[in-house]
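Asker: Here it is: the structure, laid out below.
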Amino acid sequence: MGKIEWAMWANEQSLAAGLIYATGGIVGVAGQFRGWQFAAFGIAAGVFVCLLEYPRSKRRKGTSVERTGQYCFTVCVKAFGPLTRNYYVRAFLHAALCVPGGFMLATVLGCVCLGIASLIYLSAAIHGEHWEPILPRTEQPKSVGNSIKEPPQNPPPRPPPELRRKKVDKLETAVYDNPMSVTINE
Amino acid sequence: MSNWIINQGLSAFILVVWMGINIFLFVYFYLFYDLGPQFEYTRELLGSALPWARAPAAVLNFNCMLILLPVCRNLLSLLRGSFICCGRTMRKQLDKNLTFHKLVAYMIALMTAVHTIAHLLNAEWYTNSFQGRYGPLATKLSMLGDSRELNTTYLNPVRSNSTTPTILVFTTIAGLTGVVITLALILMITSSMEVIRRSYFEVFWYTHHLFIVFFAGLVFHGAGRIVRSQQVTDPPHNNSLCENQLENWGKTADCPVPQFAGGFPQTWMWVIGPMIIYLCERLLRFIRYMQPVSYRKIVIRPSKVLELQLVKPGFKMQVGQYVFLNCPAISQLEWHPFTMTSAPEEDFFSVHIRLVGDWTEKLIKMVENLPEGGQGPKMAVDGPFGTASEDVFDYEVSMLVGAGIGVTPFASILKSIWYKFKDSDPKLRTKKIYFYWLCRETYAFEWFADLLQVLEKDMEERGMRDFLTYKLYLTGWDQSHVNHAMVHFDKETDIITGLKQKTSYGRPNWDREFEQVQQENPSSVVGTFLCGPQALAKDLEKKCVKYSDVDPRKTKFYFNKENF
Numbered sequence: 000m001g002k003i004e005w006a007m008w009a010n011e012q013s014l015a016a017g018l019i020y021a022t023g024g025i026v027g028v029a030g031q032f033r034g035w036q037f038a039a040f041g042i043a044a045g046v047f048v049c050l051l052e053y054p055r056s057k058r059r060k061g062t063s064v065e066r067t068g069q070y071c072f073t074v075c076v077k078a079f080g081p082l083t084r085n086y087y088v089r090a091f092l093h094a095a096l097c098v099p100g101g102f103m104l105a106t107v108l109g110c111v112c113l114g115i116a117s118l119i120y121l122s123a124a125i126h127g128e129h130w131e132p133i134l135p136r137t138e139q140p141k142s143v144g145n146s147i148k149e150p151p152q153n154p155p156p157r158p159p160p161e162l163r164r165k166k167v168d169k170l171e172t173a174v175y176d177n178p179m180s181v182t183i184n185e
Numbered sequence: 000m001s002n003w004i005i006n007q008g009l010s011a012f013i014l015v016v017w018m019g020i021n022i023f024l025f026v027y028f029y030l031f032y033d034l035g036p037q038f039e040y041t042r043e044l045l046g047s048a049l050p051w052a053r054a055p056a057a058v059l060n061f062n063c064m065l066i067l068l069p070v071c072r073n074l075l076s077l078l079r080g081s082f083i084c085c086g087r088t089m090r091k092q093l094d095k096n097l098t099f100h101k102l103v104a105y106m107i108a109l110m111t112a113v114h115t116i117a118h119l120l121n122a123e124w125y126t127n128s129f130q131g132r133y134g135p136l137a138t139k140l141s142m143l144g145d146s147r148e149l150n151t152t153y154l155n156p157v158r159s160n161s162t163t164p165t166i167l168v169f170t171t172i173a174g175l176t177g178v179v180i181t182l183a184l185i186l187m188i189t190s191s192m193e194v195i196r197r198s199y200f201e202v203f204w205y206t207h208h209l210f211i212v213f214f215a216g217l218v219f220h221g222a223g224r225i226v227r228s229q230q231v232t233d234p235p236h237n238n239s240l241c242e243n244q245l246e247n248w249g250k251t252a253d254c255p256v257p258q259f260a261g262g263f264p265q266t267w268m269w270v271i272g273p274m275i276i277y278l279c280e281r282l283l284r285f286i287r288y289m290q291p292v293s294y295r296k297i298v299i300r301p302s303k304v305l306e307l308q309l310v311k312p313g314f315k316m317q318v319g320q321y322v323f324l325n326c327p328a329i330s331q332l333e334w335h336p337f338t339m340t341s342a343p344e345e346d347f348f349s350v351h352i353r354l355v356g357d358w359t360e361k362l363i364k365m366v367e368n369l370p371e372g373g374q375g376p377k378m379a380v381d382g383p384f385g386t387a388s389e390d391v392f393d394y395e396v397s398m399l400v401g402a403g404i405g406v407t408p409f410a411s412i413l414k415s416i417w418y419k420f421k422d423s424d425p426k427l428r429t430k431k432i433y434f435y436w437l438c439r440e441t442y443a444f445e446w447f448a449d450l451l452q453v454l455e456k457d458m459e460e461r462g463m464r465d466f467l468t469y470k471l472y473l474t475g476w477d478q479s480h481v482n483h484a485m486v487h488f489d490k491e492t493d494i495i496t497g498l499k500q501k502t503s504y505g506r507p508n509w510d511r512e513f514e515q516v517q518q519e520n521p522s523s524v525v526g527t528f529l530c531g532p533q534a535l536a537k538d539l540e541k542k543c544v545k546y547s548d549v550d551p552r553k554t555k556f557y558f559n560k561e562n563f
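Sequence order for the protein chains is A and B. Each residue of the first sequence is one higher than the one before, counting from 0 in numbering that gives the first Met the number 0. Each residue of the second sequence is one higher than the one before, counting from 0 in numbering that gives the first Met the number 0.
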C-alpha cells in the first residue's frame, strides 16, 4: 500500500478513540449506569490518550503538519523519552487501557476503537517507525561578515591614469565612457 | 456583500435548504415520539431518551440517502450536460460535489453520536425498568411477556434479569448492526482526514470501501423492530385510566392488556434508490474499463513528463475534461485522474503524466523499457468527466491561471481555440483570453512552450495578436537566472522559453492584473479559471469578489476552480 507511515493513521484513530472513550465514560457516569466505575476509568483513560496523541510526530519524508497549539504537548510528550518514542510501548499501553472499557456498554465502542489503534501502532512499530517531536527550527540570524565594518584598504582596480582621463578627440580609443566630464576646465 | 451574493449565493442557498430539511426532520420526529400517544407507555420506561434517539435517526436516514449521490461522477456528468439550458451558476454547484459529500458525512457523524448516546441511555433504562427500579407501572409494562397463549406482546426488549445492557446490544439485530456500522464509520472518518488522504491515498481509498459494510448494516438495522408502539385494541385500552389500575389489566372491560408491535423498518426506503444509482455508477465504470484502448503515440518529455496519445472507439470529449486511468499491470484497483491535454477537434486524446508517486513512477519505468514503436501496457479509461473549464467559451473574457502542472487543462483549451479559429467556429463567444502560467522551475516549461510558440506564430499570421495575452511567471528564480537575464536582456525572444513574450520573475501582482483586465474590458463578464493550489484559489476568489461590480454595466468576475 505504498510507503505509508502507519503511525499517521494510528495517531488519527487513537485520537478519535480517546474522544469516544471519554464521551462514553461521561455518559456512563452522568447517567449513573451500573458499572459506572468503568466509565469513570474510561474518562480518565480517554483524556490521557487524547493528551498523549495530540502532538503529531514528525514525518520521515515530507512536510509534517502540526496540530494547532501542539507545541506544549510536544514538550511534555518528549520529556518521557523512550517511553513515548517507541511505538511498541504505545501499542501495549493502548491495548491495556482499552480492556476495562469492554466491561460496560457505554465504553465498549471506545474500547474497540482504541484496540484497533493499538493494532495499527503495532504495525507501525514492526515497520520500524518511531515518534519524533516537531520542534521549531532555530534560525541562525544571518550574521553579516566582520569585514563589512572596516572600510576598504585599497581602491578598486582602475586602468592606468593615461587611459583614465578621456580626451575629447580620442573617444574611440577610450576604455569607458564618462557620464560627466572629468576635465577641470569644462 | 453584493459581490458575495453573485459568487456564492446559490451555494449558500442550497446549504440553507439542506440544513432546513435536517432541522425540520429532527424537530418533527422528536415531537412525534415525544407527544405521540402510541408511545406513552414507551416513554414511561425511557423518558425523553426515546425521541432523542429517533430524531437523529430520521436525520441519518435523510443524510445517508444523500451521501452516495455526490460521488457518482458519471451521473453528475450527465446532469451537467442536461443543464446547458439552465446557466452556468447551476452547473458550478456540481463542481462542489466533494465539499457537499464531506458536509453530509460530518452531519452523519454528529447524528450518529447523538443517536448512540441516546441509545446507551435507553439500553440502561430498559434494563433498570425490568429490574423494577422505576416504579410499579414501569415494572408492570416490562413484565408483559411475548406469549401467544396469554395474548400478550412485550414492550421491553429486555426479557430476563440476567440481561445487561451489553448483552442486550449484542444479542439484538439493531444493537449488533449498530455497533458494526458505527465502527465502520469511525474507521472511514479517521482514514479520510486530510493528512492521510493527501499523503497516502490508497489507505483512504481502500478503507473507505467499508461503506459497503455501513450500508448493509444500515439497511438491516431496523429489521428487529425493537422500537415498539402501542396498538389499538378492541375494546380500547384507556391509558390515563388504566395507569392507576394496574391490577385490573386484562380483567376489566376498560383495561384490556395493552398490545404492542414493532415499527416497520423504514431506512431501506430512503437509501435503496441511491444504492441502486451508485451500483449503476460502478457498473458503468466497469463497462468503460472493459473497452479496448490503443496507443497512438508515446513521448517521454524532459523533466519526467510522459505524454500518452490514446485512441478509444466512441470516445468524445470536451475541453478541459479529465479521465481516470487504470493500468492492471501496476494495480488492479487503482484509478487515477488525469486532465486531457488534447483538443476535442483531434482524433485522439492525450494526457501528460508527471512523476509524482508510486503509480506514476511504475508507469514511466514500464514505458521507458518498451521497444521502439511498441504498444504500451494495457490501459483502461473511464470518463471523460467535466469540470469548470468546459465553461470557458461562454465568457466574453476569460482569465486562465495555471500553476505548474495545473496548466494542463488550459493546454486543451488553447489548442481548441486554435482549431476553432482556423474553422471560424461561431460557437466561440470568447473575445479575449488572458493566460497566466506560474511555474517554480524552468525545466517544466518545454512541452507547453512548444504549443505556445505555434499559437504565437499563428496569431501573428492572422493579425490577431490581441486575442490571447499570456504572461509567464517564474516563481523559483535565483541569482543564476538574474545573471543570465541581464546578459541577454536585449534579445527578442525569451531566453527560457524562446517565446516573444518575456518571462516575468516572482509571483504576479494580482491586484494589478485584475485592474488591467477591468480597464481593458469595462463592461464584460469575466470568467476566472484556476488549476492550482488552494492558497492561490483563496487569493483569486477574494480578488474576483473585490473587483466585481453588481452594476451590470461594469465588469463582473466569476471564479471557477478545478480540484483533484
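Yeah, the Cβ is synthetic: ideal placement off N, Cα and C, and Gly gets one too. Quick caveat: nothing in here was measured; it's all calculated off a predicted structure.
1) Can you tell me whether DSSP reads A335 (chain B) as helix, strand or coil?
2) Are the CB atoms of T266 (chain B) and L217 (chain B) within a distance shorter than 8 Å?
3) Classify Y546 (chain B) as buried or exposed, calling it buried when 16 or more other Cβ atoms lie within 10 Å of its own Cβ.
4) Should N247 (chain B) go down as buried or exposed, given a rule of 16 or more other Cβ atoms within 10 Å for buried?
5) For K555 (chain B) and V525 (chain B), which I take to be in contact (beta-carbon distance under 8 Å), what is that distance rounded to the nearest angstrom?
6) Three-state secondary structure (DSSP) at E242 (chain B)?
7) List the whole-angstrom C-beta distance separating W269 (chain B) from N559 (chain B), where the pair is believed to meet the contact cut-off of C-beta under 8 Å.
8) Which of the three DSSP states is assigned to L400 (chain B) in this structure?
9) Going by DSSP, name the residue or residues bridged to Q230 (chain B).
10) How is L154 (chain B) classed by DSSP in three states: helix, strand or coil?
11) How would you call T126 (chain B), buried or exposed, if buried means at least 16 neighbouring beta carbons within 10 angstroms?
12) Taking the C-alpha atoms as reference points, what is the distance between A173 (chain B) and P264 (chain B)?
13) By the criterion of Cβ-Cβ separation under 7 Å, what are the contact partners of F164 (chain B) in chain A?
14) Who are the near neighbours of W17 (chain B) in its chain, counting only those whose CB is closer than 6 Å to its CB and skipping five residues on each side?
15) Kindly list the residues whose CB is nearer than 8 Å to the CB of E395 (chain B), restricted to its own chain and excluding five residues on each side of it in sequence; keep chain order.
16) Taking 8 Å as the cut-off, decide whether the C-beta atoms of Q290 (chain B) and A260 (chain B) are in contact.
17) So with CB distances below 7 Å, who are the chain B contacts of I3 (chain A)?
18) From R157 (chain A) to P151 (chain A), what does the alpha carbon distance come to, in whole angstroms?
19) Which chain B residues sit within Cβ distance under 7 Å of G61 (chain A)?
20) For a contact defined as C-beta to C-beta under 7 Å, what are the partners of M192 (chain B) on chain A?
21) According to DSSP, is P55 (chain B) helix, strand or coil?
22) Quick one: is F32 (chain A) near chain B, going by C-beta distance under 8 Å?
23) Whole angstroms is fine: what's the gap from F91 (chain A)'s alpha carbon to S117 (chain A)'s?
24) Let me know if R464 (chain B) comes out buried or exposed under the rule of 16 or more other beta-carbons within 10 Å of its beta-carbon.
25) Work out the CA separation of A328 (chain B) and P376 (chain B) for me, nearest whole Å.
26) With 8 Å set as the bound, which would you pick, yes or no: does the beta-carbon of A44 (chain A) sit closer than that to a beta-carbon of chain B?
27) Should F563 (chain B) go down as buried or exposed, given a rule of 16 or more other Cβ atoms within 10 Å for buried?
28) Exposed or buried, which one is S198 (chain B) when buried takes at least 16 other CB atoms within 10 Å?
29) Which residues share a DSSP beta bridge with G526 (chain B)?
30) Below 6 Å CB to CB, which residues in the same chain sit around R227 (chain B) once its five sequence neighbours on both sides are set aside?
31) Do you know how far the Cα of L109 (chain B) is from the Cα of N10 (chain A)?
32) Throw me the rounded Cβ distance for the F384 (chain B) and S76 (chain B) pair, which I believe falls under 8 Å.
33) Using a beta-carbon distance cut-off of less than 7 Å, what residues from the segment 122–137 of chain B approach chain A?
34) Using 8 Å as the limit for Cβ to Cβ distance, is V28 (chain A) near chain B?
35) Kindly indicate if chain B contains any beta-carbon less than 8 Å away from that of A8 (chain A).
36) Quick check on K431 (chain B): does DSSP put it in helix, strand or coil?
Answerer: Checking against the coordinates, here is how it stands:
1) The question names Ala, but residue 335 (chain B) in the sequence shown is His. Here H335 (chain B) sits in strand by DSSP.
2) yes
3) buried
4) exposed
5) 7 Å
6) coil
7) About 33 Å separates the two Cβ atoms, so there is no contact after all.
8) As written in the sequence, residue 400 (chain B) is Val, which differs from the Leu given in the question. The answer is strand: DSSP assigns V400 (chain B) an E or B state.
9) B:Q258
10) coil
11) buried
12) 11 Å
13) Reading off the sequence, residue 164 (chain B) comes out as Pro, not Phe. In chain order: L104.
14) none
15) R428, T429, K430, K431, N520, S523, V524, V525
16) no
17) Y199, V202
18) 15 Å
19) S198
20) E11
21) helix
22) yes
23) 7 Å
24) exposed
25) 7 Å
26) no
27) Any reading at F563 (chain B) is ruled out, since the residue's pLDDT is 32, under 50, leaving its predicted position unreliable.
28) buried
29) B:S397, B:Y557
30) L154, F259, G261
31) 21 Å
32) 5 Å
33) A122, E123
34) no
35) Note that residue 8 (chain A) is Trp in the sequence shown here, rather than Ala. Interface residue, yes.
36) strand
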